[in-house]
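Visitor: Next up is a structure, given as structure tokens.
Printed below as a string of structure tokens:
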């Protein structure tokens with residue numbers, strides 16, 4: 548779709564997950580006919596995906612240094628594992644972007 552930001556494909560090129568445009572900390576992810584609400588909490592280094600039917604489906608949480616993460620997902624939910632991988636990617640990418648933006652400002656203010 549025109550508004551999609553991320554896609555995860557299987558080996559045959561079929562779309563497994565597709566994230567549609569949303570705010571930086573909230574978006575929707577489609578997996579087949581299911582829609583999940585994704586929330587990122589950069590200060591807590593965590594991300595959660597919820598289904599309107601089943602509640603929390605996947606969660607990723609890490610330490611302050613980004614060296615280790617815990618991922619939890621509902622094994623009974625078809626798209627939960629790829630969803631947890633997407634959450635891990637998104638939280639790391641957002642924290643990296645925030646770090647690089649802060650580093651760029653620090654260099655600009657140096658003589």
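Residue numbers (our numbering): 548 to 658. Virtual Cβ for every residue (Gly too), placed ideally from N, Cα, C. Bear in mind the structure is a predicted one, so any value in this text is a computation, not a measurement.
(1) Within 10 angstroms of its Cβ, does residue 621 collect 16 or more other Cβ (buried), or is it exposed?
(2) When the Cα atoms are used, what is the spatial distance from residue 577 to residue 566?
(3) Count the CB pairs spanning the segment 568-575 and the segment 583-592 that are closer than 8 Å, and state whether there are at least three.
(4) Round the Cβ separation of residue 554 and residue 564 to the nearest angstrom and send it over; I've been treating them as touching at under 8 Å.
(5) Look up residue 611 in the DSSP assignment and say whether it is helix, strand or coil.
(6) Locate the beta strand (DSSP E) running through residue 622, then write down its first and last residues.
(7) Quick one: using the 10 Å Cβ neighbour count with 16 as the cut-off for buried, is residue 647 buried or exposed?
(8) Using the C-alpha atoms, what's the distance from residue 609 back to residue 593?
(9) Can you look up residue 597 in the DSSP assignment and give me helix, strand or coil?
(10) Which first and last residues belong to the beta strand (DSSP E) in which residue 574 is found?
Guide: For this structure:
(1) buried
(2) 6 Å
(3) yes
(4) 7 Å
(5) coil
(6) Run containing residue 622: none; DSSP gives neither H nor E here.
(7) exposed
(8) 6 Å
(9) strand
(10) 573-578
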